[in-house]
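The structure under discussion appears below in the form of structure tokens.
Residue numbers (the UniProt record's numbering): 1 to 319.
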């Protein structure tokens with residue numbers, strides 16, 4: 001273990017300058033920009049829908065935005081715990097109802113219910129804390145990996161895969177589907193495994209990640225909301241890595257999602273997302289994750305369990 005470095009303004013953990021406002025992150029201007037309907041009642045709309053159901057990270061991020069609007073500016077979220085109880089319908093907006101469960105001198109708790117068609121699809125509790133310095137501090141050490149400037153982004157990697165005639169023939173639908181997605185976050189995998197080596201993968205992965213566009217210093221609560229959105233991307237898939245050469249996913253959804261926020265960070269600066277799956281079984285998978293600032297400070301810890309139902313892979317006949 002090592003002692004965490006003291007947070008600094010700007011942190012020096014990104015290579016991006018501060019562009020003008022017209023380049024602001026779509027996560028701030030659209031995805032996490034809730035419409036107030038009444039006191040503690042908000043409506044959220046959708047930006048990126050990866051499948052027939054809503055992206056879980058969007059619901060977590062929007063719920064945290066709603067909760068943050070009901071607390072004072074001098075408190076910050078330190079944890080949230082969520083359950084996905086129904087699939088989200090991408091054809092209609094989501095209503096977020098906030099309950100002010102407790103407002104204390106040090107900690108405040110907010111409960112959020114996301115509703116569609118009159119039924120809850122998601123419930124969440126978020127806890128906020130007044131800043132309280134403490135002499136007791138420690139953290140794990142950040143993994144040693146190449147910096148993001150030395151790595152290829154996902155778009156470039158997919159383009160390389162598509163240029164390989166063998167891979168293009170074997171995985172055309174998957175590769176083209178990924179290439180067509182307009183994901184509002186940037187990703188640079190660390191040591192991406194060739195598709196030909198899927199049989200030797202461990203349930204671990206690391207990638208550099210940041211929001212597309214500019215967010216700026218701003219309110220730390222907004223950076224936490226963006227991190228909540230980011231944290232769900234490719235997270236549960238970590239549990240599939242040792243098995244994807246044998247099994248094809250039939251059904252995979254998140255059941256719950258938890259986050260703990262440790263230190264200030266900027267979600268529009270590169271952060272290392274370290275993901276691992278310590279266990280899978282019973283048609284479920286468990287994943288743990290850590291978001292590291294580029295200066296080595298542990299900013300966020302995540303955990304999630306999800307349903308994973310698979311079918312055997314059917315090998316193509318060579319006759």
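We put the beta carbon where it would ideally sit given N, CA and C, even for glycine.
Keep in mind it's a predicted model, so treat the numbers as computed, not measured.
So for residue 159, helix, strand or coil by DSSP?
helix
Secondary structure at residue 28, three-state DSSP: helix, strand or coil?
helix
Tell me whether residue 255 sits in a helix, a strand or coil according to DSSP, three-state version.
Looking at residue 255 - three-state DSSP - the assignment turns out to be strand.
Would you say the stretch 267–278 touches the stretch 244–251, given that touching needs at least three Cβ pairs under 8 Å?
no
Would residue 238 be called buried (16 or more neighbouring beta carbons within 10 Å of its own) or exposed?
buried
From this set, 287, 304, 291 and 262, which residue's C-alpha is nearest residue 133's C-alpha?
262
Taking the alpha helix (DSSP H) that residue 57 falls in, what are its first and last residues?
DSSP places residue 57 in the uninterrupted alpha helix (DSSP H) bounded by 56–68.
Any chance the CB of residue 260 is under 7 Å from a heavy atom of the ligand MG?
Only the bare structure without any ligand can be found here, which leaves the ligand MG out of the picture.
Please specify which runs of the alpha helix (DSSP H), each continuous and at least 4 residues long, are wholly inside the UniProt domain "Acyl-CoA thioesterase-like C-terminal" (192–308), giving them in chain order.
220–231
Shortest alpha-carbon distance to residue 182 belongs to which of 39, 26, 37 and 48?
48
Go ahead and pull the three-state DSSP assignment for residue 93.
coil
When the Cα atoms are used, what is the spatial distance from residue 40 to residue 292?
32 Å
Keeping to the same chain, check which residues put their C-beta closer than 6 Å to that of residue 180; ignore five residues upstream and five downstream.
Unreliable placement is indicated for residue 180, whose pLDDT of 45 sits below 50; the coordinate value is still reported in the next sentence. Counting only residues of its own chain and dropping the five nearest sequence neighbours on each side, residue 180 has no CB closer than 6 Å to any other CB.
Does the stretch 85–100 come close enough to the stretch 139–158 that 3 or more CB-CB pairs lie under 8 Å?
no
Report all residues from its chain with a CB closer than 7 Å to the CB of residue 36; omit the five preceding and five following residues, and keep chain order.
42
Given that a residue counts as buried once 16 or more other Cβ atoms are within 10 Å of its Cβ, and exposed if not, what is residue 143?
By the 16-neighbour rule on beta-carbons within 10 angstroms, residue 143 is exposed.
Closest to residue 373 by C-alpha separation, out of 116, 72, 282 and 83, would be which residue?
Residue numbering for the chain in the displayed model covers 1 to 319; residue 373 lies beyond these limits and cannot be assessed.
How should residue 311 be labelled, buried or exposed, when 16 other C-beta atoms within 10 angstroms of its C-beta is the threshold for buried?
In the assembly as shown, residue 311 is an exposed residue. Its beta-carbon has fewer than 16 other beta-carbons within 10 Å.
How is residue 312 classed by DSSP in three states: helix, strand or coil?
strand
Since residue 88 is in the beta strand (DSSP E), which residue starts that stretch and which ends it?
First-last for residue 88: undefined, no H or E at that position.
Spell out the partners DSSP gives residue 81 in its beta bridges.
According to DSSP, residue 81 bridges with 125 and 258.
What are the partner residues of residue 137, as DSSP defines its beta bridges?
Answer is none; residue 137 lacks a bridge partner.
Determine, using beta-carbon pairs with one atom in the stretch 75–86 and one in the stretch 250–260, whether at least three such pairs fall under 8 Å.
Because the criterion of three Cβ pairs below 8 Å is met, the stretch 75–86 and the stretch 250–260 touch.
Quick check on the DSSP output: the beta strand (DSSP E) that includes residue 41 runs from which residue to which?
41–44
According to DSSP, simplified to helix, strand and coil, what is residue 148?
helix
From residue 22 to residue 211, what does the alpha carbon distance come to, in whole angstroms?
For residue 22, the pLDDT reaches just 43, beneath the cut-off of 50, and the residue's location in the model is therefore unreliable, leaving the point undetermined.
Can you tell me the Cα-Cα spacing of residue 288 and residue 191, whole angstroms?
19 Å
Residues in its own chain within less than 7 Å of residue 54 by CB, not counting five upstream and five downstream?
Its chain contains 46, 88 and 90 as the residues whose beta carbon lies nearer than 7 Å to that of residue 54, once the 5 sequence neighbours on both sides are disregarded; these appear in chain order.
Taking the DSSP output, what are the residues bridged to residue 38?
41
Are residue 208 and residue 188 closer than 8 Å when you measure CB to CB?
yes
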